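Numbering (the working numbering), first residue to last: 1 to 206. In what follows, a single structure is set out as structure tokens and then discussed.
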Amino acid sequence: MPKVSEEHREARRRQILDAAWVCFARNGFHKTSMPDVFAEAGLSAGAVYRYFPGKEALITAIAEVSTQQLIDLLDARLAADVLPPPEELLPAIVEDLPATGGTDPAALAPQVWSETMRDPRLAAAVAGMLGDVHLRLTELCRRYQAAGVLDPGLDPGDTARVVIALIQGWIIQWNTMGLAAHQQITAGVRALLARPRNAGQSGQDG
């Protein structure tokens, strides 16, 4: 297929996804109809169905895009020569997630997670995506252990699961309770993860 044709297809797919993103953020998954997406995209039904057979396919694609954004952020951190302290890294990751409505990051993520409880196919797809996130967070935990920042006795995979739960809860509270909740969680995470200065020296000095 000619390159220009493939670029056109990708641009059209992105156009449809952007329109669905706006509709879902505005009205939620269940109150959004495919005609709503057609109108927002400015395309005919046939043009949209050529790329997405229905609303479920759009929801899955948005989940993929959202999760890939998080994966890209983690990959960028893993590629860095030096990792920042975890109490700085986690807030930065959450704050760098693109907003889908207002100033709230990953505004559609809570809707996706809720939808997995009624759609087994979406649940399987999201589980696979979170598996990719888990692999990267596990590697981050290993590197922090090697640097002496995290307890070497911790299981890095289990710790990564806790971090995923923290990020998910963080996103939910930011989207439902606003910026103040985000700031409070950020402060709490920094306090919990920051290593005490001169740890271990007090006993020696006495």
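Glycine included, every Cβ here is placed at the ideal spot set by N, Cα and C. All of these numbers come straight from a predicted model, not from anything done at the bench.
- Along the segment 96-158, the beta strand (DSSP E) occurs as fully enclosed runs of 3 or more residues at 99-101, listed in sequence order.
- Rounded to the nearest whole angstrom, the C-alpha separation of Ile16 and Ala41 is 6 angstroms.
- Contact annotation, Gln111 with Gly28: C-beta distance approximately 6 angstroms; criterion of less than 8 angstroms satisfied.
- The DSSP-derived three-state label of Gly178 is coil.
- A contact between stretches requires three or more CB pairs, one per stretch, nearer than 8 angstroms, and the segment 17-37 meets this requirement with the segment 56-73.
- If the five residues before and after Pro152 are omitted, its C-beta is found closer than 6 angstroms to the C-beta atoms of Gln145, all from its own chain and listed in chain order.
- Annotation for Leu43: no alpha helix (DSSP H) segment contains it, and DSSP assigns it neither H nor E.
- In the DSSP annotation of this structure, the continuous segment of the alpha helix (DSSP H) that includes Arg77 starts and ends at 55-79.
- Contact check between the segment 137-144 and the segment 177-187: fewer than three CB pairs, one atom from each, fall below 8 angstroms, which does not count as touching.
- Counting C-beta pairs with one atom in each stretch, the segment 152-164 and the segment 126-141 have three or more that are closer than 8 angstroms, which means they touch.
- The C-alpha of Ala127 is placed about 9 angstroms away from the C-alpha of Thr116.
- Close CB contacts of Thr67 within its chain, under the 8 angstroms cut and outside five residues either way in sequence, are with Val126, Met129, Leu130, Asp132, Val133 (chain order).
- Within the same chain, no residue comes within 6 angstroms of Asp119 by CB-CB distance, once the 5 residues on both sides are set aside.
- Straight across, the Cα-Cα distance linking Leu73 with Arg14 is about 20 angstroms.
- Sorting Gln69, Ala39, Pro35, Val65 by C-alpha distance to the C-alpha of Gly54 places Pro35 at the top.
- Three or more Cβ pairs closer than 8 angstroms define a contact, and the segment 78-96 meets that threshold against the segment 181-195.
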